[in-house]
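Step one of this worksheet: look at the structure below.
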Amino acid sequence: MIACLQGELFYKSDEKLIVMAGGVGYEVHATAACLGGLPETGHQVFVHIHTHVREDALLLYGFFSEDEKETFLLLLTVSGVGPKLALAILSGISPGELGRAIRTDDLHRLTKLSGVGKKTAERLCLELKDKVKWIPDHAERKSLPQKNIQDELARDTVSALVNLGYTQMNAESAVQKVISAAEDTTLTLEDLFKQALRQLT
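772 is the number that this note's numbering gives to position 136 of the sequence shown; each next residue is one higher, with no gaps.
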């Protein structure tokens, strides 16, 4: 099974991307966060992958982070939720917010997601409430000292850049430049990654 892909971004749209790796173009359906964090075509990318095998097809689903991928796999365990719906859910809500909505039975928030009706929202809460405790909750993280949150985001971003082939030194330098210049102290992982990548390309 393909667990991740690293290669040249050949194509991207609002729903999918194509990564050229080893002379092969891999079509990947991806979340909004994954697609939003991509550089321009022709640049190197690293994408977390879930390989979904059907009788008539082998489909690849892409994610920006390991948390997104693990949450996607968790959604697939819910009766009536397939890859297409799971991807749509994660394109409309972050893993942390989803976990919080499920833990608090927030049906109003869940039914705002594409393809999620009241019955599906109730199943998500019923079947996943005890399984989403591991998902990082951004709201809870806000209570931590800002420096701790920033350090954690910086480490995650540097790690992602190193996975793309950049040196540790260059990745750390780019991330630090973005953090130092940022007027918004609530940078997300996606924002930090995209801006650091621009520093390197």
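Where is the CB? At the ideal position from N, CA and C, for every residue including glycine.
Per DSSP, glycine 643 lies in no alpha helix (DSSP H); the unbroken beta strand (DSSP E) holding it starts and ends at 640-648. A check of alpha carbon separations from serine 816 across Leu828, Asn806, Met805 identifies Leu828 as the nearest. Contact between the stretch 653-669 and the stretch 695-712 is present: three or more C-beta pairs spanning the two stretches fall below 8 angstroms. Taking the Cα positions, serine 649 is about 11 angstroms away from threonine 677.
Judged by their CB atoms, leucine 833 and alanine 810 are nearer to each other than the 9 angstroms cut-off. Closest option to leucine 764, judged by alpha-carbon separation, among Ile685, Glu691, Val717: Val717.
Residue range 694-699 is occupied by the beta strand (DSSP E) that includes leucine 696.
Counting along the chain, no alpha helix (DSSP H) covers methionine 637, and no H or E run does either. Contact check for valine 768 against threonine 824 fails: the beta carbons are separated by 9 angstroms or more. Listed in chain order, the non-local C-beta contacts of glycine 672 below 7 angstroms within the same chain comprise Glu826, local neighbours out to five positions each way being set aside.
For the options Asn799, Leu800, Ala790, the alpha carbon positioned closest to that of valine 814 is the one of Ala790.
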